[in-house]
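K.L.:
Below is one structure. I have some questions about it.
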Amino acid sequence: NFNHDRITPGLEYDFEPIPLEKAYAFNPIPEGLTMQEQKQIIGIGCQMWGEWIPQVEDMYRMIYPYWAAHAETGWTDNKRKNYNRFVRSMDYFLTRWIDKNYINSHNIGIKQHQ
Numbered sequence: 002n003f004n005h006d007r008i009t010p011g012l013e014y015d016f017e018p019i020p021l022e023k024a025y026a027f028n029p030i031p032e033g034l035t036m037q038e039q040k041q042i043i044g045i046g047c048q049m050w051g052e053w054i055p056q057v058e059d060m061y062r063m064i065y066p067y068w069a070a071h072a073e074t075g076w077t078d079n080k081r082k083n084y085n086r087f088v089r090s091m092d093y094f095l096t097r098w099i100d101k102n103y104i105n106s107h108n109i110g111i112k113q114h115q
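For the record, in the sequence shown the residue sitting at position 99 is 100 according to this note's numbering, with numbers rising by one throughout.
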């Protein structure tokens, strides 16, 4: 059945970033939908269009930590989300991304997004 809606916010522009807390608070199910309409939303996507991004490192810098905020939005019920817990968990992921050389510890950090 291809009768499902896609919710696809994007991260493709390096203009003024939205606050991380606002990204985390995103609710992919718009108010006012019936239960039947809500069931048609089966997931979310968070696209990163890269045709104007010069280096992959720039892309990683632009999406961290927004990718995690959108991912958690997809699998956590809105009533169970906890922004403070989420921010604390980002230290672990930041360390992993630095260890894998996805990002440089000198030009990124969750503190800049708070």
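The beta carbon of each residue, even a glycine, is placed where N, CA and C say it ideally should be.
Hey, how far is the Cα of Gln-115 from the Cα of Gly-33?
P.N.:
Its pLDDT being 44, under 50, Gln-115 is placed unreliably by the model, and nothing is read from it.
K.L.:
For Gly-44, which three-state DSSP category applies?
P.N.:
strand
K.L.:
In three-state DSSP terms, what is Gly-33?
P.N.:
coil
K.L.:
Taking the alpha-carbon of Arg-62 as reference, which of Cys-47, Ile-99, Ile-30, Gly-46 has the nearest alpha-carbon?
P.N.:
Ile-99
K.L.:
Just tell me which of Asp-59, Lys-80, Gly-44 has its CA closest to the CA of Glu-51.
P.N.:
Residue 51 is actually Gly in this sequence, not Glu. It is Asp-59.
K.L.:
Would DSSP call Lys-112 helix, strand or coil?
P.N.:
Only weak support is given to the placement of Lys-112: the predicted model assigns it a pLDDT of 47, under 50, and the value that follows is read from those uncertain coordinates. Here Lys-112 carries a helix assignment [DSSP, helix/strand/coil].
K.L.:
For Tyr-65, which of Asn-79, Trp-76, Glu-38, Leu-95 has the nearest alpha-carbon?
P.N.:
Leu-95
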